[in-house]
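Undergrad: I have a structure here, written as structure tokens, and I will follow up with some questions on it.
Protein chains: 6
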Amino acid sequence: MFPGASDEREGGDVADEFGRANANFVVVGAPLDVSTTFQPGTRFGPRRIRTFAETFDDYDRRTDQYFSDLGVVDHGDVRAWDDVEAYLEWLEGTVRDVVWDEAVPLVLGGEHTVSLPAVRAVEPEVFVCLDAHLDLREAYDGNPLSHACVTRRILEDVDTVEEAIILGARTGSEEEWDRAEGDDVTVVPPEDVAEFSVADRLEGRDAYLSVDIDGADPAYAPGTGTMEPFGLEPREMREVVREVASQATGFDVVEVNDRDDGQAASLAGKLLREFVFSHAASR
Amino acid sequence: MFPGASDEREGGDVADEFGRANANFVVVGAPLDVSTTFQPGTRFGPRRIRTFAETFDDYDRRTDQYFSDLGVVDHGDVRAWDDVEAYLEWLEGTVRDVVWDEAVPLVLGGEHTVSLPAVRAVEPEVFVCLDAHLDLREAYDGNPLSHACVTRRILEDVDTVEEAIILGARTGSEEEWDRAEGDDVTVVPPEDVAEFSVADRLEGRDAYLSVDIDGADPAYAPGTGTMEPFGLEPREMREVVREVASQATGFDVVEVNDRDDGQAASLAGKLLREFVFSHAASR
Amino acid sequence: MFPGASDEREGGDVADEFGRANANFVVVGAPLDVSTTFQPGTRFGPRRIRTFAETFDDYDRRTDQYFSDLGVVDHGDVRAWDDVEAYLEWLEGTVRDVVWDEAVPLVLGGEHTVSLPAVRAVEPEVFVCLDAHLDLREAYDGNPLSHACVTRRILEDVDTVEEAIILGARTGSEEEWDRAEGDDVTVVPPEDVAEFSVADRLEGRDAYLSVDIDGADPAYAPGTGTMEPFGLEPREMREVVREVASQATGFDVVEVNDRDDGQAASLAGKLLREFVFSHAASR
Amino acid sequence: MFPGASDEREGGDVADEFGRANANFVVVGAPLDVSTTFQPGTRFGPRRIRTFAETFDDYDRRTDQYFSDLGVVDHGDVRAWDDVEAYLEWLEGTVRDVVWDEAVPLVLGGEHTVSLPAVRAVEPEVFVCLDAHLDLREAYDGNPLSHACVTRRILEDVDTVEEAIILGARTGSEEEWDRAEGDDVTVVPPEDVAEFSVADRLEGRDAYLSVDIDGADPAYAPGTGTMEPFGLEPREMREVVREVASQATGFDVVEVNDRDDGQAASLAGKLLREFVFSHAASR
Amino acid sequence: MFPGASDEREGGDVADEFGRANANFVVVGAPLDVSTTFQPGTRFGPRRIRTFAETFDDYDRRTDQYFSDLGVVDHGDVRAWDDVEAYLEWLEGTVRDVVWDEAVPLVLGGEHTVSLPAVRAVEPEVFVCLDAHLDLREAYDGNPLSHACVTRRILEDVDTVEEAIILGARTGSEEEWDRAEGDDVTVVPPEDVAEFSVADRLEGRDAYLSVDIDGADPAYAPGTGTMEPFGLEPREMREVVREVASQATGFDVVEVNDRDDGQAASLAGKLLREFVFSHAASR
Amino acid sequence: MFPGASDEREGGDVADEFGRANANFVVVGAPLDVSTTFQPGTRFGPRRIRTFAETFDDYDRRTDQYFSDLGVVDHGDVRAWDDVEAYLEWLEGTVRDVVWDEAVPLVLGGEHTVSLPAVRAVEPEVFVCLDAHLDLREAYDGNPLSHACVTRRILEDVDTVEEAIILGARTGSEEEWDRAEGDDVTVVPPEDVAEFSVADRLEGRDAYLSVDIDGADPAYAPGTGTMEPFGLEPREMREVVREVASQATGFDVVEVNDRDDGQAASLAGKLLREFVFSHAASR
Ligand SMILES: [Mn+2]
Ligand SMILES: [Mn+2]
Ligand SMILES: [Mn+2]
Ligand SMILES: [Mn+2]
Ligand SMILES: [Mn+2]
Ligand SMILES: [Mn+2]
Ligand SMILES: [Mn+2]
Ligand SMILES: [Mn+2]
Ligand SMILES: [Mn+2]
Ligand SMILES: [Mn+2]
Ligand SMILES: [Mn+2]
Ligand SMILES: [Mn+2]
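Residue numbers (full-length UniProt numbering), protein chains in the order written: chain X, 1 to 283; chain D, 1 to 283; chain C, 1 to 283; chain G, 1 to 283; chain E, 1 to 283; chain S, 1 to 283.
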């Protein structure tokens, strides 16, 4: 269970107050780990993020709120299996239930692919993404559901999505960079993220915020499948989270694995909390 | 390149002597790592086995042979991609080429699933397997190509295979244990392996020998996806390898990952060498 | 949640069948980690044991039972705090509740000290223990609640306990060895455990079985606070578990930490399951 | 022994020159590791700091001094035991001896709690602290000697201390943040540390400088019990050390554990040396 | 093989196009690991750099080039042995062959000592170096071929070299700092590297660029033998690489070991690629 | 300092009783780590052995002795440098001093090469060795002082040595196996060690006992440079130590590195203690 969240399955007072029906936010673990590039282990992402969040204070001074007061419920993990397409559909259903209950889904990856069903369920106008990679491939090794294609899939498959804003991207194939020049894509290189105002760019539209932890420089998040140097600093990522939170109706943090000393998971948990505090404070 | 093997791609004298055409054994790396159970990392198996074999002496006193004299060629890895079925077919082609060149394939996994195409290519009469698990499921999480089904697939899909002998097995589902009572399956629990004579059981038939490293007790091979305590000792495994080698026309060692300090890879490399020395000495 | 167990907090059918009231076994995590000797990390023991048990098959062939059919409920962890005495009292209450519900407590340590409150709650006649250490000190560094004193405390403080049988012990202070010569203590050195019949020694009395994972040789359980070479083999430990299970009304496995590649946790989870299968089969 | 320091126990010339009686600085290891929050291992802090300092050059160009010329003596570790209160008293005595010999104590933690006895012995006017946390709790889990309470304890229990300046703090309970608004506390968030002049704030008063390594961003010091993202950069910490050193009569670096690849210990050792070089140069 | 490079030994089309004779760049692994200071493991540097480069995209947007189009050939490793002097001579021959073929050598260390033979072979006018250390010792522990002496050796032994520019240096012995004041040495401390223009300083002279990965702050490259805090940020290093590349006729990246989670190797591989892209684009 | 030993440098009562002059045993750390084969890290061997011995009880029941009563003094480490020949000479001098003081040297490696100077100083009649390797090469990569040649060097260079008994050896070059057939060499393969009586073979002659930790199966000692499966069990090694101890005038344990979870160091420390207890008890 994410520290400070209520366990969806629990009975008693907690459930009365913030049981699924009244939840403001619902954590959904999505430990998918199948796209075959480099270092595996994103299946342990949800578990590690929850674990390394145990040390964080419940209270947030900036917004003067207690995390445990904000109505966060933890649904637990939607265990993955080998048929990715079926899994994504099932996951979409789970997230859609959250949306129907008027709560904000907080998805813990798992590989980036899990953003696709979450965005399908949330149906935002803009997909905002912190990522080292463009993830704009048509397919990777013939697989259109690879994590390297997720932003492309979202642009193509989710009707409500008008635009993708990719912050911190610093690498891609030629095809991806060309695709990135389309009107519906904005790429902000790491060097320019501090100066860029996402809020301005959103112009009040509904957003979904996806944090691929490899957007951070590997120093801050070595526990990820494909380290890409020259990345974002955590405070730059936090600023983006704060700016987008009030307009976001869905959130995920993905690509955390267990191959470091907890840095990636620690940062991931902190950004999720920052999202929750900022979103709640903006109401 | 496996230490002591020739690189298939190299030119010059080595190729003249043991180029693919004249090879006696061909190492094929098969870093498949997709079945979604527990600890991933078998994609690093071939690399680790080659690395930890670097310290072994070229010479073997028991058989008075040099490994580098035995005509072992390393084909390199057949890189995996997301479409498992297509990958297995491609891998089968690669191994079939080895067989057609009258060499013995030595497959480095990767997950156990890779034994299926290798056995298809080799077409043995008996499938001998060191494994903690029965691997006799019809499907696992709906996937008939999971590593947990490989022995069942081999029994069902490879016409030449009359029988499977599974040594060291100590766990399985009820369905698997029931299937194991079929006439075409022999299960030897770890406690009885030292007493069991595989050679007798083979009665001169052609065999394929598959070493799932988790057959060993976790103390000897912690770097594997699903540790299963109460397992085999390395000398018991070596004895099986020695006994089967003379009658085996194919060999693999699978399920080694990178999540230990090298114990699993070291044992895997040693068993492969033991196979080569014994097979060569029996000619 | 221990794999195959029901979550105590969950509603619905599972609870109907094996809710706390009808449970046969109740898992209680006791992540105490304060005695200041060498390698810390037993606080992660319960988590790791549950994690590494995920790969085990639900079905047990020997006893022809499914773990998930045996009425095991997981109470979750009783989180530790700095006042050890108060914590142990609280833990005793938790375990006593289990006993009153006529279920067998299965405690996951945490340091060995947690056996004391569990034994107090269970009130057995004999304390059977697999351990490298005698744990018979009057106090360690002035602390009578150190894990190095737990067997002494149990002998002195729990009125029902007539005797302690310590299997696999190979080290202790002179004071401990002298105490071990008392009529109420039997020490079986690792070399003799295979020959020793605990069942005979129990003569039908009620027992509590405590598995200090350091009873195993460090090769099989390096992830423990004080490795002690020349230890037991897992099959010897399993044999003891099988023999004692039918007469045991309480069980724990302790001293597992997170400083290895999962070997200690894997063995611990397996021995717990062996206990459950054997105890259930004997009814 | 800290590299470049003399061993207090050694005889001969070194002792003649910088034996305890003439030492300018005395290193005291305080491997306390009992407060039960998250990742343990601070007991290995002193050992790791000494080890990772072995690679540093003896000479410092900025101050044109040799570390080994500055009269640093290493007292070794004051081994911890279970009675924290008694331990802290003993430690206080050890540090008081250093002070009476007119040397500056350099304490190597161990958990932050060890600053309390050190400050008691040094009796400064101001407690300057680099820390991610406020450590201003009245008690944590009922324990007033938890590392999470150390700054509060120092403010309350040490008469000479007029004020605490906490640099880099970014989290705390509501109670702590409220306490931090007292006249005797100054909190400088990480973002403002570069601009803040501690020297100005000290106005010539005697200070004790405590470096909780978790003040650094986790990228620079992952080996600590409670990682807190969005932290200080090492150069910002160095600047504080340089500014405070001339007015400081006591120093510690705490909360380093063994759960990273040496980054935390390396930074800790460097900051200790920076303190010594700056303090010595200011005389 | 470095990802995107051709294997020198391979036959067929690749060799036709970019075989050794037509290569623009040649990767040479130099896994020397003998200087006896602190953490060993640079022998695994070439292997790790190649491995962690596997995830990088072939295409570079900034220069609009494909790495695999740039004529990079991988010679493999020049395996080290105990006679360092002889090894360096042999390595020099290997690099000289590259130079004679009019290709740019890209040496993968191994300890920094390997720059000496590479510079001897390349015969540049200026030795540009990113390093935490001055490496200007006459000898270290009596060994003039220690990695701590390599820049001194290059200045003294290679006739063509007029000057050494050391960027990011922050430590050295007094002797080294004094030597650094010679007219032929420029030291740029980490704090000033961002402002410093290497291109200006080069004035069109031929350069050799050596990247000692410990020039980076340990947060970005913990996997190196002697971590030295307060170092460079990767973007600062990248800027230097970009500036020098067009004038450099030789390149190396050294001192990467296997004692981290891949951060050092990942950064090293990225800087090598940046060098190649920039050099090629400048033609 | 080895736990239970006195520090040679300390003053006061301890030194009076067991100062160097009256010592019965002297621990000498010899962290040599230069022979270039595979996994480095033996330089950390002495440190790790001392560290992992901290958990062992001072008292030994079998011999009814306290380790701290037996007059063991720790000389500390003889720090290594690059000139191996000079280092070995210096080390020989250190060990010779021990011998002249009529104490038994206990050398902690470091690589196996350090046995050579120790044996030179001790001048035994028989060199008894537990090792996976024959170490009988004339030279390795041209280096006659490689750890792979140490037993050959001892046979050739130390006049008093009449014979080498190598227990647990299971690999070597053809040249080594041929040399092993000489009258002055006895090789006992791992399978036969349990049956072999070293005491009988010694016939009362003076022996030096060298424990290369890789003699153990990798399960028991993965932290060593060249793992060699199919090795000895710790109890078999202990039996050899007990048998030889009474006749041995020198002892070492070598080839322990820091690349495991402490298993190798733990076993090494235990075997050293077993040697001391047995030797002392036999007087
Ligand atoms: Mn992504
Ligand atoms: Mn990404
Ligand atoms: Mn299998
Ligand atoms: Mn298996
Ligand atoms: Mn115990
Ligand atoms: Mn114990
Ligand atoms: Mn603190
Ligand atoms: Mn803190
Ligand atoms: Mn350097
Ligand atoms: Mn350097
Ligand atoms: Mn040896
Ligand atoms: Mn050896």
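All residues carry an ideal CB built from backbone N, CA and C; glycine is no exception. All values derive from a computational prediction rather than experimental measurement.
Per the contact definition of three or more C-beta pairs closer than 8 angstroms, is the segment 128–143 of chain D in contact with the segment 201–215 of chain D?
TA: The answer is yes - the segment 128–143 of chain D touches the segment 201–215 of chain D, with three or more Cβ pairs under 8 angstroms.
Undergrad: Please identify, using Cβ separations under 9 angstroms, the residues of the segment 83–107 of chain X that lie next to chain E, in order along the chain.
TA: Those residues of the segment 83–107 of chain X that come within reach of chain E (Cβ to Cβ, closer than 9 angstroms) do not exist; the list is empty.
Undergrad: What residues does ligand 6 have around it, judged by CB closer than 5 angstroms to any heavy atom, in chain order?
TA: The filter returns Asp131(C), Ala132(C), His133(C), Asp212(C) and Asp214(C), in chain order.
Undergrad: Considering only residues of the same chain and omitting the five flanking positions on each side of Val14(D), which have a CB-CB separation below 7 angstroms?
TA: At Val14(D), the pLDDT of 44 sits below 50, so the modelled position is not reliable; the number obtained from the coordinates is stated separately. Result list for Val14(D): Ser6, in chain order.
Undergrad: When you compare the CB positions of Leu32(D) and Glu89(D), do they come within less than 8 angstroms of one another, or not?
TA: For Leu32(D) and Glu89(D), no; Cβs fall outside 8 angstroms.
Undergrad: Work out the CA separation of Ile49(G) and Gln65(G) for me, nearest whole Å.
TA: Their Cα atoms are separated by approximately 21 angstroms.
Undergrad: Which residues, taken in chain order from the segment 31–43 of chain C, show a beta carbon closer than 8 angstroms to some beta carbon of chain G?
TA: Within the segment 31–43 of chain C, the residues whose Cβ lies closer than 8 angstroms to some Cβ of chain G are Asp33, Val34, Ser35, Thr36, Pro40, Gly41 and Arg43, listed in chain order.
Undergrad: The alpha helix (DSSP H) spanning Ser115(G) covers which residue range?
TA: Note, Ser115(G): alpha helix (DSSP H), Ser115 to Val122.
Undergrad: Between Gly12(C) and chain D, is the shortest Cβ-Cβ distance under 8 angstroms, so that the two count as touching?
TA: Residue confidence for Gly12(C) is low, a pLDDT of 42 falling below 50, so the modelled location carries little weight; the figure read from the coordinates is stated next. So, not an interface residue.
Undergrad: So with Cβ pairs under 8 angstroms, would you call Ser173(S) a contact of chain D?
TA: Yes - at least one Cβ of chain D is within 8 angstroms of the one on Ser173(S).
Undergrad: Can you tell me where the alpha helix (DSSP H) with Phe251(E) in it begins and where it stops?
TA: Note, Phe251(E): premise wrong, no alpha helix (DSSP H); beta strand (DSSP E) at Ala248 to Val254.
Undergrad: Are the segment 229–242 of chain S and the segment 100–110 of chain S in contact at 8 angstroms, needing three or more beta carbon pairs?
TA: Segments in contact, no.
Undergrad: Cβ of Asp261(D) less than 8 angstroms from any chain S Cβ?
TA: Closer than 8 angstroms to some Cβ of chain S, the Cβ of Asp261(D) qualifies, so yes.
Undergrad: Give a single yes or no on whether residue 285(G) has its beta carbon closer than 7 angstroms to a heavy atom of ligand 9.
TA: No statement about residue 285(G) is possible, as the shown extent of chain G runs from 1 to 283 and does not include it.
Undergrad: State the Cα-Cα distance for the pair Gln247(G) and Val253(G), rounded to the nearest angstrom.
TA: Their Cα atoms are separated by approximately 17 angstroms.
Undergrad: Given that Ala219(S) touches chain D, what residues does it touch there, using C-beta distances under 7 angstroms?
TA: Chain D residues near Ala219(S): Ala219, Tyr220 and Gln263.
Undergrad: Which class does Val187(X) belong to by DSSP, given the choice of helix, strand or coil?
TA: Strand at Val187(X).
Undergrad: Taking C-beta pairs closer than 9 angstroms, name the residues in chain G that Thr55(X) reaches, listed in chain order.
TA: Ordered by position in chain G, the residues that pass the 9 angstroms Cβ test against Thr55(X) are Thr37, Phe38, Gln39, Gly225, Thr226, Met227 and Glu228.
Undergrad: Per DSSP, which residues does Asn143(G) bridge with? Please list them.
TA: BP columns for Asn143(G) point to Tyr140(G).
Undergrad: Which residues mark the beginning and the end of the beta strand (DSSP E) in which Ala164(X) is found?
TA: That run of the beta strand (DSSP E) goes Glu163 to Leu167.
Undergrad: Using DSSP with H/G/I as helix, E/B as strand and the rest coil, what is Gln263(G)?
TA: If DSSP states are grouped into helix, strand and coil, Gln263(G) belongs with the helices.
Undergrad: Mind checking Gly204(X): buried by the 16 CB within 10 Å criterion, or exposed?
TA: Looking at its Cβ environment, which holds fewer than 16 other Cβ atoms inside 10 Å, Gly204(X) is exposed.
Undergrad: Check whether chain E comes within 8 angstroms of Trp81(X), counting only Cβ atoms and requiring the distance to be less than that.
TA: By this cut-off, Trp81(X) is not an interface position.
Undergrad: Report the neighbours of Phe52(G) on chain E: residues whose CB is nearer than 8 angstroms to its CB, in chain order.
TA: Near Phe52(G) (Cβ distances below 8 angstroms), the residues of chain E are Met227.
Undergrad: Between the C-alpha atoms of Gly223(C) and Arg259(C), what's the straight-line distance to the nearest angstrom?
TA: About 5 angstroms.
Undergrad: Any idea which residues DSSP pairs Gly29(D) with across the strands?
TA: Paired residues: Asp77(D) and Leu108(D).
Undergrad: Exposed or buried, what is Arg170(S) when buried is set at 16 or more other beta-carbons lying within 10 Å of its beta-carbon?
TA: Flag for Arg170(S) reads buried.
Undergrad: Is the Cβ of Leu116(D) closer than 8 angstroms to any Cβ of chain S?
TA: Chain S, which has no Cβ nearer than 8 angstroms to the Cβ of Leu116(D), makes this no.
Undergrad: What are the boundary residues of the beta strand (DSSP E) that includes Leu70(S)?
TA: Counting along the chain, Leu70(S) falls outside any beta strand (DSSP E), and DSSP gives it neither H nor E.
Undergrad: Does at least one heavy atom of ligand 4 sit under 7 angstroms from the Cβ of Glu236(G)?
TA: Glu236(G) Cβ: outside cutoff for every heavy atom of ligand 4.
Undergrad: Taking the straight line between their C-alpha atoms, what separation do you get for Val187(S) and Gly168(S)?
TA: Straight-line Cα distance between these residues: approximately 8 angstroms.
Undergrad: Quick one: grab the DSSP three-state call for Asp200(E).
TA: Three-state result, Asp200(E): helix.
Undergrad: Along chain G, which residues have their Cβ under 8 angstroms away from the Cβ of Asp214(C)?
TA: By Cβ distance, chain G contributes nothing, its closest Cβ being about 18 angstroms from Asp214(C), past 8 angstroms.
Undergrad: Are the C-beta of Asp141(S) and some C-beta of chain E separated by less than 8 angstroms?
TA: Taking Cβ atoms only, chain E reaches closer than 8 angstroms to Asp141(S), which makes this a yes.
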